[in-house]
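Written out below as structure tokens is the structure these notes cover.
Chains as they are written, first to last, in the working numbering: chain A, 62 to 323; chain B, 5 to 333.
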């Protein structure tokens, strides 16, 4: 009796926390109607921020996968000297407030800096361009991907790679046939979190890439110019765009892990 | 022929081992934990670089530290290593695991024949998580065989399995090794396992090869007192005929009740303690200041005479003395 009462209390407590965490999303659905969303999205140029966000988000993911994955593997396998130093470097952009990251990026890659000038030779500008938006999103999301991918690689038993080598696979082939498939569920989750962070990036973006607007800045400017009610439909659009990938990654990871457990 | 003559630096000692294993021959590398047995296998497999030495398999130089230096990477050695954890790839089916090292176009019929022979023919579509320990080991073994390994290295693969399964797998590896005519090295820290498997026993202790010979010769005529201790001699009694400090080794399974002078060393004493052992009793017999353990039914307090059959005797330096029998102590 006492045990079942305690179990019920635990369940109720967990439900309260769960509802509280999900509260903002539930609230959103009470305050937008299909009509308000439709009229907001039909306004001239209303869909441009959505396209910009998707474009920047996808390029950010590509950058993270290409540069972050090898770094995460090297960190997971202890192939780098002074590992803590590398981890601290990755953590830096996570620990710094995004607004500060944006400010510092201006001083690092702004047009009057050596890096900015070098980018100029490549016809790139790291302020108020799509390129700048991508730079800001990479800085805001990279630690989530790299640290998640590092954990995913670390969870792969090195003896699996060793066994693949003894069965005739050179390291690159063993990585393709064993390491990556085994780390894939963790990598997918890391990528999903990074995607959500990139799509919602705001702090660094507002400093370094005010134009072109992505969805978060669209919400912010609409809120400033026409009020809360007008901003809500764009918040819903951001949710609808940002959530499917994490949800799909979560479901796929759970299924892949389940299959391996038999 | 697998030939290894290597020295490997370890934290506690430098491992120095010379081995030759002929095609179809089975060698058991036997010794206590931490003796360096696994390091020997990993050096042959190319996972651990030796400080000095050479590894040759079927005439191919795999490792050579002298000029011209050579270190063939593990993926080009064609050496199979099976550990206690069979390390099956959990994301692949049994068939995919079996065919992992069989090249881009594996012979599916050959896979099915081998799987049938290993008793896992009905599991080809299953994932490793669904396999029992014995089935997983059969898959791991089949995977090495389909990868056309030219030498098999088995690192205590049956630890933790029940004795029936262990016997079955040992018999399976014996017959497969004979069919394939490849050298096999088994690492074992249990003598019975090593004896059941191998033609030859190499005793390793603290990085040194103490003795290499047939299992019977090593157990009956240990080259030194240390080898005798490792292969199960539990007591050592003085053997005056061998000179000062000489002792005779007493193996509990080579002691018979009664005085059989001429067949070995006759010992008399009082039974100090007794406990059940298998289908009978094991008793501690006080012989002078020493207590030797042997199979005896007598209760504590009783006087008993036993004969240690053809015991190995060791000089004060611990080395084996020439054969001595019929000596009463």
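Using N, Cα and C, we set each Cβ at its ideal position, and we do this for glycine too. Please read these numbers as outputs of a predicted model, since none were measured by experiment.
Closest Cα partner of residue i within the set the options
{"i": "residue 202 (chain A)", "options": "A:262, A:85, A:80, A:272", "result": "A:262"}
{"i": "residue 149 (chain A)", "options": "A:312, A:207, A:274, A:320", "result": "A:207"}
{"i": "residue 231 (chain A)", "options": "B:66, B:76, B:56", "result": "B:76"}
{"i": "residue 308 (chain A)", "options": "A:286, A:257, A:278", "result": "A:257"}
{"i": "residue 268 (chain A)", "options": "A:73, A:158, A:215", "result": "A:158"}
{"i": "residue 319 (chain A)", "options": "A:301, A:243, A:260", "result": "A:243"}
{"i": "residue 24 (chain B)", "options": "B:50, B:59, B:11", "result": "B:59"}
{"i": "residue 277 (chain A)", "options": "A:259, A:174, A:133", "result": "A:259"}
{"i": "residue 307 (chain B)", "options": "B:275, B:47, B:117", "result": "B:275"}
{"i": "residue 92 (chain A)", "options": "A:293, A:310, A:183, A:311", "result": "A:293"}
{"i": "residue 250 (chain A)", "options": "A:305, A:298, A:270, A:301", "result": "A:305"}
{"i": "residue 26 (chain B)", "options": "B:43, B:62, B:210, B:37", "result": "B:62"}
{"i": "residue 224 (chain A)", "options": "B:166, B:153, B:234, B:177", "result": "B:153"}
{"i": "residue 315 (chain B)", "options": "B:299, B:232, B:142, B:249", "result": "B:232"}
{"i": "residue 45 (chain B)", "options": "B:124, B:219, B:190, B:253", "result": "B:190"}
{"i": "residue 294 (chain B)", "options": "B:252, B:318, B:304, B:240", "result": "B:240"}
{"i": "residue 382 (chain B)", "options": "B:251, B:305, B:100", "result": "An answer regarding residue 382 (chain B) cannot be provided, because it is not within the stretch 5 to 333 covered by chain B."}
{"i": "residue 323 (chain B)", "options": "B:261, B:313, B:253, B:299", "result": "B:253"}
{"i": "residue 282 (chain B)", "options": "B:229, B:159, B:299, B:71", "result": "B:299"}
{"i": "residue 368 (chain B)", "options": "B:101, B:206, B:39", "result": "One cannot answer for residue 368 (chain B) here, as it falls past the ends of chain B, which runs 5 to 333."}
{"i": "residue 169 (chain B)", "options": "B:145, B:155, B:139, B:266", "result": "B:139"}
{"i": "residue 191 (chain A)", "options": "A:142, A:271, A:173", "result": "A:271"}
{"i": "residue 146 (chain B)", "options": "B:159, B:41, B:219, B:114", "result": "B:114"}
{"i": "residue 299 (chain A)", "options": "A:87, A:110, A:96, A:81", "result": "A:110"}
{"i": "residue 195 (chain A)", "options": "A:176, A:273, A:133", "result": "A:273"}
Sub-8 Å separation of residue i and residue j beta-carbons
{"i": "residue 247 (chain B)", "j": "residue 320 (chain B)", "result": "yes"}
{"i": "residue 33 (chain B)", "j": "residue 271 (chain B)", "result": "no"}
{"i": "residue 197 (chain A)", "j": "residue 265 (chain A)", "result": "yes"}
{"i": "residue 55 (chain B)", "j": "residue 13 (chain B)", "result": "yes"}
{"i": "residue 174 (chain B)", "j": "residue 88 (chain B)", "result": "no"}
{"i": "residue 7 (chain B)", "j": "residue 57 (chain B)", "result": "no"}
{"i": "residue 283 (chain A)", "j": "residue 295 (chain A)", "result": "yes"}
{"i": "residue 178 (chain B)", "j": "residue 29 (chain B)", "result": "no"}
{"i": "residue 275 (chain A)", "j": "residue 117 (chain A)", "result": "yes"}
{"i": "residue 312 (chain B)", "j": "residue 268 (chain B)", "result": "yes"}
{"i": "residue 150 (chain B)", "j": "residue 103 (chain B)", "result": "yes"}
{"i": "residue 128 (chain B)", "j": "residue 135 (chain B)", "result": "no"}
{"i": "residue 236 (chain B)", "j": "residue 255 (chain B)", "result": "yes"}
{"i": "residue 215 (chain B)", "j": "residue 202 (chain B)", "result": "no"}
{"i": "residue 142 (chain B)", "j": "residue 97 (chain B)", "result": "no"}
{"i": "residue 94 (chain B)", "j": "residue 133 (chain B)", "result": "yes"}
{"i": "residue 210 (chain A)", "j": "residue 253 (chain A)", "result": "no"}
{"i": "residue 261 (chain B)", "j": "residue 291 (chain B)", "result": "no"}
{"i": "residue 277 (chain B)", "j": "residue 288 (chain B)", "result": "yes"}
Distance, residue j Cα to residue i Cα
{"i": "residue 257 (chain B)", "j": "residue 188 (chain B)", "result": "29 Å"}
{"i": "residue 280 (chain B)", "j": "residue 286 (chain B)", "result": "6 Å"}
{"i": "residue 259 (chain B)", "j": "residue 301 (chain B)", "result": "13 Å"}
{"i": "residue 212 (chain B)", "j": "residue 121 (chain B)", "result": "39 Å"}
{"i": "residue 171 (chain A)", "j": "residue 85 (chain A)", "result": "36 Å"}
{"i": "residue 127 (chain A)", "j": "residue 121 (chain A)", "result": "10 Å"}
{"i": "residue 194 (chain B)", "j": "residue 303 (chain A)", "result": "59 Å"}
{"i": "residue 222 (chain A)", "j": "residue 106 (chain B)", "result": "17 Å"}
{"i": "residue 344 (chain A)", "j": "residue 226 (chain A)", "result": "Since the displayed chain A opens at 62 and closes at 323, residue 344 (chain A) lies outside it and no answer follows."}
{"i": "residue 164 (chain A)", "j": "residue 156 (chain A)", "result": "15 Å"}
{"i": "residue 113 (chain A)", "j": "residue 151 (chain A)", "result": "26 Å"}
{"i": "residue 214 (chain A)", "j": "residue 136 (chain A)", "result": "9 Å"}
{"i": "residue 148 (chain B)", "j": "residue 47 (chain B)", "result": "18 Å"}
{"i": "residue 103 (chain A)", "j": "residue 199 (chain A)", "result": "30 Å"}
{"i": "residue 72 (chain A)", "j": "residue 66 (chain A)", "result": "10 Å"}
{"i": "residue 123 (chain A)", "j": "residue 64 (chain A)", "result": "51 Å"}
{"i": "residue 233 (chain A)", "j": "residue 167 (chain A)", "result": "39 Å"}
{"i": "residue 197 (chain B)", "j": "residue 312 (chain A)", "result": "46 Å"}
{"i": "residue 92 (chain B)", "j": "residue 304 (chain B)", "result": "53 Å"}
{"i": "residue 79 (chain A)", "j": "residue 70 (chain A)", "result": "14 Å"}
{"i": "residue 217 (chain B)", "j": "residue 21 (chain B)", "result": "15 Å"}
{"i": "residue 156 (chain B)", "j": "residue 85 (chain B)", "result": "6 Å"}
{"i": "residue 162 (chain A)", "j": "residue 64 (chain B)", "result": "58 Å"}
For residue i, the residue or residues it bridges with in DSSP
{"i": "residue 192 (chain B)", "result": "B:34"}
{"i": "residue 307 (chain B)", "result": "B:274"}
{"i": "residue 252 (chain B)", "result": "B:241, B:317"}
{"i": "residue 217 (chain B)", "result": "B:205"}
The ligand COA heavy atom lying under 7 Å from the CB of residue i
{"i": "residue 180 (chain B)", "result": "Absence of the ligand COA from the depicted structure is noted, as is the absence of any ligand whatsoever, leaving it without description."}
Segments assigned beta strand (DSSP E), at least 3 residues, entirely inside the region 136-180 of chain B:
155-159
Segments of 4+ residues assigned as alpha helix (DSSP H) that fall wholly inside the region 86-161 of chain A:
95-103, 109-124, 130-137, 144-156
Mind listing, in chain order, the continuous alpha helix (DSSP H) runs of no fewer than 4 residues lying wholly within the region 30-103 of chain B?
41-49, 98-102
Fully enclosed by the region 248-323 of chain A, which beta strand (DSSP E) runs are 3 residues long or longer?
none
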